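Colleague: Provided herewith is a single structure, encoded as structure tokens, for subsequent inquiry.
Below is the structure:
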């Protein structure tokens, strides 16, 4: 499987091949087709998977009784239809994500215009801009130059495997902070495997000799490091992963009267969380895959001079690369300074607060600034944007449409009543449970789909038990990103798994401690960052937490 093609086209298409070997000895395709041609045709064309969505929807609409709430029942059926198509890969991810466009009007949940508006808003503009910038970085090999520079800096002479891992993982995390973690993994994996290609892989597969085993273990660490560092880095900013974008969109949908979650406000919480997980990742990789003999084994095949030689082949930085970096840097500065503090409002005050993070379309400059190569050639043209991840854009739009559907159909009110028995439960005890709940689901479906399903439920749970909904929505979003155990958890996992360097066992053994650290770090950081004035605006101080926890209900607090 071509990992680059799989991730840029559809996250659900990436996981169609078997994850475990299948014993087909003596049973060829022709034999199976002759023995049961009808079943073979059904499986080959995914007719059963296609039918599962409409059948589930029909059963829910026919059998489920929500106390006469017809629209809420229909919404539940549509949700089952869309979610089954997502997890079974019955149709391409983008097509399944467009299903609400015709299902919502058909079932009377919302008008066609209202549904369509969910597919293009400020958040979607933010994602599109970051995707275009990521394509520009990839086109001019800026990620490769950065990776080789940092890796050569950390490699050591002789080779120091612990520092080399730090350089590779640190570079991946930094890039993933500013672009979506899936394209980051796609861009960085060739850089990592390019380094590993210097190692005698054919000999390693036999596992003969101590040096061969050491190099084999280090190769696993490099691939796992890129996969997990990309996921960890994406957690730090809004543009790093679709889950954070979904959280922002659903928060503004359910609670439009509250302060929005901005780029800078999320980063003030997400970056410390990401940093804790990164340190845990580096420590885990060093402890499990590096020993005192690893450096000696690697020195025979890899040293700093090799990396510098490869870097020299790239030549000096061209004008186009400098311009892309300038646009990239300017975008980061504008994101970070749009909204600062209550006393220092940021540059958005110049526009009466009507601009958002998606308004900063610095990517437009890439189609205006000349590349300096040929007359009339710009840094980017639309032909270079053919690999835009429209499947992710449509998935985000479907998530926002579902959030609107929950609210418009009255399903949120029914869920709120059903969760009333949890009133009085300690909110800070439920938060890690919400993280674990979301973290389990995300191992079997994409992190974006998990967030789309779980976050509306947690928003209603927060209102039901009388606490600030972000106390549960944020753990749900973080848990959806802790997809470390199986290749099916995210497209980035599939990219690493498809290299052949790692197995499912490697992912489970390495990902389990990271998942535990993630839940523990969230439990500690979520209620404490505010008291140090690091947390975001919606959770300003620890005293604000206490205020929300002491309120009889979230609705009463809003009214007051």
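Residue numbers (the working numbering): 5 to 564. Glycine included, each C-beta is placed from N, C-alpha and C at the ideal position. The structure displayed is predicted, hence computed values, not measured ones.
Where does the unbroken alpha helix (DSSP H) through residue 453 begin, and where does it stop?
Modeller: Annotation for residue 453: the continuous alpha helix (DSSP H) segment containing it runs 451-469.
Colleague: Which first and last residues belong to the alpha helix (DSSP H) in which residue 270 is found?
Modeller: 267-293
Colleague: Taking contact to mean 3 or more Cβ pairs, one atom from each stretch, closer than 8 Å, check whether the segment 175-188 and the segment 225-244 are in contact.
Modeller: yes
Colleague: For chain C, check one thing: does any of its Cβ atoms lie closer than 9 Å to the Cβ of residue 486?
Modeller: The question asks about chain C, but that chain is absent: this structure has only one protein chain.
Colleague: Which whole-angstrom value is the C-beta distance of residue 487 and residue 446, which I expect to be below 8 Å?
Modeller: Correct: roughly 4 Å between the Cβ atoms.
Colleague: Per DSSP, what are the beta-bridge partners of residue 374 in this structure?
Modeller: 382
Colleague: Would you kindly work out how many angstroms separate the C-alpha atoms of residue 77 and residue 298, rounded to a whole number?
Modeller: 59 Å
Colleague: Which runs of the alpha helix (DSSP H) fall wholly inside the segment 313-351 and span at least 4 residues, in chain order?
Modeller: 323-341
Colleague: Flag this pair as yes or no: are the beta carbons of residue 477 and residue 497 separated by less than 9 Å?
Modeller: no
Colleague: Go through its chain and collect everything with a Cβ distance to residue 178's Cβ below 7 Å, but skip five positions before and after it.
Modeller: 237
Colleague: Going by alpha carbons, who is nearest to residue 318 out of 152, 390, 499?
Modeller: 152
Colleague: So, under 8 Å CB-CB, residue 141 and residue 147 are touching, yes? Tell me the CB distance rounded to an integer number of Å.
Modeller: 6 Å
Colleague: Does DSSP put residue 506 in a helix, a strand or coil?
Modeller: coil
Colleague: Since residue 501 is in the alpha helix (DSSP H), which residue starts that stretch and which ends it?
Modeller: 495-501
Colleague: Should residue 334 go down as buried or exposed, given a rule of 16 or more other Cβ atoms within 10 Å for buried?
Modeller: Under a 10 Å Cβ-count criterion, residue 334 is classified as exposed, with fewer than 16 other Cβ atoms of the shown protein chains found around its own Cβ.
Colleague: Would you tell me roughly how many angstroms separate the C-alpha atoms of residue 442 and residue 202, rounded to the nearest one?
Modeller: Distance between the alpha carbons of residue 442 and residue 202 is about 40 Å.
Colleague: Please determine, among 322, 102, 453, 302, the residue with the shortest C-alpha to C-alpha distance to residue 220.
Modeller: 302
Colleague: Quick check on DSSP: helix, strand or coil for residue 390?
Modeller: coil
Colleague: Please classify residue 485: is it buried, with 16 or more other beta-carbons within 10 angstroms of its beta-carbon, or exposed?
Modeller: buried
Colleague: Where do the N-terminal and C-terminal ends of the alpha helix (DSSP H) with residue 109 fall, by residue?
Modeller: Per DSSP, the unbroken alpha helix (DSSP H) holding residue 109 starts and ends at 103-110.
Colleague: Report all residues from its chain with a CB closer than 7 Å to the CB of residue 4; omit the five preceding and five following residues, and keep chain order.
Modeller: What the structure shows of the chain is the stretch from 5 to 564, and residue 4 is not part of that stretch, so it cannot be assessed.
Colleague: The alpha helix (DSSP H) with residue 240 in it runs from where to where?
Modeller: Element bounds for residue 240: n/a, residue is neither H nor E.
Colleague: State the CB to CB distance for the pair residue 90 and residue 100, rounded to an integer number of angstroms; the pair is presumed to be in contact (CB under 8 Å).
Modeller: 5 Å
Colleague: Going by CA-CA distance only, name the one from 270, 266, 257, 231 that's closest to residue 240.
Modeller: If we check each option's Cα against that of residue 240, 270 comes out closest.
Colleague: With C-beta atoms as the reference, is residue 157 less than 9 Å away from residue 229?
Modeller: no
Colleague: What are the boundary residues of the alpha helix (DSSP H) that includes residue 117?
Modeller: Per DSSP, residue 117 belongs to the alpha helix (DSSP H) from 116-121.
Colleague: With distances taken between CB atoms, is the gap from residue 530 to residue 479 smaller than 9 Å?
Modeller: Contact: yes.
Colleague: Using the Cβ count rule (16 or more neighbours within 10 Å means buried), how would you classify residue 326?
Modeller: exposed
Colleague: Going by C-alpha distance, which of 167, 282, 385, 463 is nearest residue 567?
Modeller: There is no way to answer for residue 567, as the model of the chain reaches only from 5 to 564.
Colleague: Determine the extent of the alpha helix (DSSP H) in which residue 129 is found, giving its start and end residues.
Modeller: 126-143
Colleague: For residue 159 and residue 311, which I take to be in contact (beta-carbon distance under 8 Å), what is that distance rounded to the nearest angstrom?
Modeller: 6 Å
Colleague: Under a three-way DSSP split, which group does residue 94 fall into?
Modeller: coil
Colleague: Any idea what DSSP makes of residue 442, helix, strand or coil?
Modeller: helix
Colleague: Nearest to residue 522 by CA position, among 439, 490, 509, is which residue?
Modeller: 439
Colleague: If you check the beta carbons only, do residue 331 and residue 475 fall under 9 Å apart?
Modeller: no
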